[in-house]
Structures are given as structure tokens and as C-alpha cells.
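The structure appears below as C-alpha cells.
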Amino acid sequence: MYKLKKNRPVLVRPIYGSITQGTVFSCARASRYEACDVNGLTITARCDVAQQKYPVLNYLPLVKLTDWLRRDGLDMLLEQERKAIGGKLKGMLKQAQLSESLPMAVSLEQIAETHFPLNEGKNKQQTANRKFHELVAEISSFEALSKNELDEKFSWFVVNRPKDIENIVRRLSKHDVLGHYFIEKISEDDEEATGYVCLLREVVTLPRKVAEKLGKGLDHGTYCSVCDGFETQSGLVIGHDDLAMPVIEIGSPTIEHILQSFSQLFGRIGVEDPVDNVIGGIIEHCVSLNKGLKG
């Protein structure tokens, strides 16, 4: 953990009794993060909140980086590893002039014994055979992860792929992981940054009657009373000893950048790639025109 050299992100102390765009509050909800501390980041327009023109308050979950790495981040690490292992396996089979589809019919262990026998062939062949056996053992170890708990899965990457963890955190810090926004800290009192991630895809709503009480603090009993027994559907998770309340406000320009990332996520338009033959014809036409001018 390191001290921040610059005021990033921009944080503002919240005003008691007030909720506005950029307010971060405790006891929020996020799917897959049930056992974690989750905060909420209000995204409803400031003018709507100020003029009380909102039927529901919208927020985005804000989770600790350490929890994110064991859930959404872990999914990315697992998928990346599957692709890397699959590519390595196909490359070795191709080099040995074996079909890439062979593992669909025969186990990797059988392929290793039959086509990559240890201590046979010349030095180069022995090295290739040994590497294939090592890859089979690596794949077996990786596949066993599916039965493990989240912490055990993440520990595998800590031991075997620490560079992959570093890369995904660095990509996240540069806002290069679609649907996820990195924030260094959410407290002015913390000199050391530990990291948080805003889940841009997961918009949660709070009924207005709940949101109006959130600014001054909302305990479990009051929450249940306000929700009329529907507290599990009302956007917060407040334990018997908890208090949902504002903890900080994310100021400008950080909040605007978050909202920009949020809007771009849902405003992207996909179009087909240009056809090579068409582009080639256009280029040829441009070149031929130039030749005509010279002539």
C-alpha cells in the first residue's frame, strides 16, 4: 500500500442529511458480493435530487479491490488462463503434427504417454516431450480449481500467475477494463490507498422514501418499517448493528468521469468492419486517378 501523491480521486466530506449525485453511502447491495462490505455511489442527477423530482434513487455498487479480484476480476483471470493454456496446447499438438481436436476423443494423459513418451528420442524431442507432460500437469492443476473456494482460486494465481494479477490491476487503474471503474480510496482520512471498484453494469435503485432517510442515517429497524417488509427488494443490506449513511462524496471532475464511463458503456454502437475488397478497390481507384493526372 502506498500514499497518494496527488489528490486523486477528488473527495468531499458529505453534508449531514444530504444525498446528491456522487454521494457514497454504506450498506449497499451487489450481486455476488453478499458477504462483502459494499458501498453505493449515487448517480441520479443533482437537480432531480435537489428538487425532489425522482421516484427512485439510482446508484452503482462500489466494492473493495480485494473482493473484486476474488469475483469479477477472478472471472477474467480464469478466462485469460483458459485461453493461454488452450493456445499452448494447440501449439504443441500442431508442432507434433497431431490434430488439435485429438483431446476431444482422448485424454491428455493418454496423448502424453502415446505421442510424448519421456526419455525417448533425441535431446530436442525429449525436451518437447517433457514440456508437454508439464503442460498436462499444469492443465490438471488448473482444472481442479473449479472445485475450490474463491480464496483458493485466487491463491493459485498469486502463486502461479502474480504477473497476471498485476496486469489486470494496472489495466483497471487506467480504466481499461470495460464495465469497471477504479478508485484509489473513498476516505480522506486514509493516507494509504487500497483500491475500490465501481461496478458500472449493475445499477441498483432505492425507493424515494428510503433514499430520503439515508442522508441522516438509516438503522435496521427504521429500514424494515419504511420498506413494509420488502426490505430485501429495496436496494440496501442493513444488519441489526449497521447504519446506512453517507461516508464521502466524490467530487468533480472524478464523478463526471465515472458518469462518462457509465454512459459510454451503454451508448456503444457496433457496425460491421469494412470489406477488404471494397477498400482495395477504392485505393486502386485513388492511385489510378493520380497516375492519370501525371500522364
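Be aware that the sequence shown starts at 1019, since it is given in my numbering, and climbs by one per residue.
Built from N, CA and C at the ideal position, the CB exists for glycine as well.
Excluding sequence positions up to five before and after H1275, its CB lies less than 7 angstroms from no other CB in the same chain. Secondary structure note for V1289: it is in no alpha helix (DSSP H), with a DSSP letter that is neither H nor E. Contact between the region 1055-1067 and the region 1166-1184 is absent: fewer than 3 CB-CB pairs across the two stretches fall below 8 angstroms. Beyond the five residues adjoining it in sequence on each side, T1062 comes within less than 7 angstroms, by CB distance, of Q1039, Y1072, L1075, N1076 in the same chain, given in chain order.
The beta carbon of F1150 lies closer than 7 angstroms to those of M1110, A1130, F1134 in the same chain, with the five residues before and after it left out. Straight-line measurement puts the Cα of G1105 at about 21 angstroms from the Cα of T1132.
Under a 10 Å Cβ-count criterion, C1065 is classified as exposed, with fewer than 16 other Cβ atoms of the shown protein chains found around its own Cβ.
Counting only runs of 4+ residues, the alpha helix (DSSP H) found wholly inside the region 1220-1262 occupies 1226-1232, 1238-1245, in chain order. Take the alpha-carbon of G1239 and the one of G1247: they are about 11 angstroms apart.
Proximity to I1183 across G1298, L1083, P1079, G1035 peaks at L1083, based on C-alpha coordinates. Cβ-Cβ separation between V1081 and A1048: approximately 6 angstroms, consistent with a contact (criterion under 8 angstroms).
Counting only the Cα atoms, I1297 lies some 10 angstroms from H1303. With a 10 Å radius around the Cβ and a threshold of 16 neighbouring Cβ atoms, V1255 comes out buried.
A1262 sits buried, since 16 or more C-beta atoms from the chains shown fall within 10 Å of its C-beta.
Cα atoms of I1266 and D1294: separation of roughly 52 angstroms, rounded to the nearest angstrom. DSSP places T1145 inside the alpha helix (DSSP H), whose first and last residues are 1141-1161. Counted as a single uninterrupted DSSP element, the alpha helix (DSSP H) harbouring H1133 occupies residues 1126-1133. Bounds of the alpha helix (DSSP H) holding G1104 are 1090-1113.
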